[in-house]
Amino acid sequence: ALVVGGTGMLMPVVKQLIDDGYMVSVIASLSSSLQALSSYLSSQASNLNALAVDYHDEDRLQQVLLEAIRTHGPITSTVAWIHSSASAAPLVIAELVTGDFFHLRSASVSQPDFQDPFDVISIKALADIDYYQIILGFVLENSAARWLTNQEIAQGVIAAMKEAKANWTIGTTAPWQSRP
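Here's what the structure looks like:
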């Protein structure tokens, strides 16, 4: 499995994938973040393949993933939280992996005037990819809104992976004007 963004809010997702029997490669730009993840996983860290690479560097990203695949075998499940500043990264990754591709997206993707920076159409067209979109919304509580907590995000992603629906929203995206 591969998790992009697995050193922050997705750490419990990495742990769940390891619990499910996967060798999990995790991409992070900071080695210190990968070390923190290794500590969090404790005895399960032997099933972690820490990949220190900035996903904005497409050539290096491709090299690192190819090496991970040569060393650990095919990547058959991907969870990707990628900032729009690296618009090519999801496709670079999707062209190298197979199976489930869970793409975490911001709440703004639900808006009719949203201009998608990612080439989702090309990702969906790949024969070996099953594409799932997970939208990170917000929570309405007592006439106030707040962003999702890391725990809510991780639990929602794990639930979305188990359900494997084409589109899954954690929290809500409406009414849009009520977002925090």
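Numbering (the numbering used here), first residue to last: 1 to 180. Note that CB positions come from ideal geometry on N, CA and C, so glycine has one too. Model, not experiment: these values are computed from the prediction.
By the CB criterion at 7 Å, Ala154 and Pro180 fall outside the cutoff.
For the pair Asn49 and Ala28, the CB atoms are not nearer than the 7 Å cut-off. With respect to Ser77, Gly99 sits close: the two C-beta atoms are nearer than 7 Å. In terms of Cβ geometry, Ile170 and Gly156 form a close pair [threshold 7 Å].
Between Phe114 and Ser106, the gap from beta carbon to beta carbon reaches 7 Å or more. Only buried fits Ala89, as 16 or more other CB atoms lie within 10 angstroms of its CB. Taking Val139 as the centre and dropping the five residues before and after it, the same chain places the C-beta of Ala145, Arg146, Trp147, Leu148, Glu152, Gly171 and Thr172 closer than 8 Å to its C-beta, in chain order.
In the structure shown, Asn47 adopts helical secondary structure according to DSSP, grouped into three states. The Cβ atoms of Trp81 and Gly5 sit closer than 7 Å to each other.
Using a 10 angstroms sphere on the CB of Ser25, the tally of other CB atoms reaches 16 or more, which defines it as buried.
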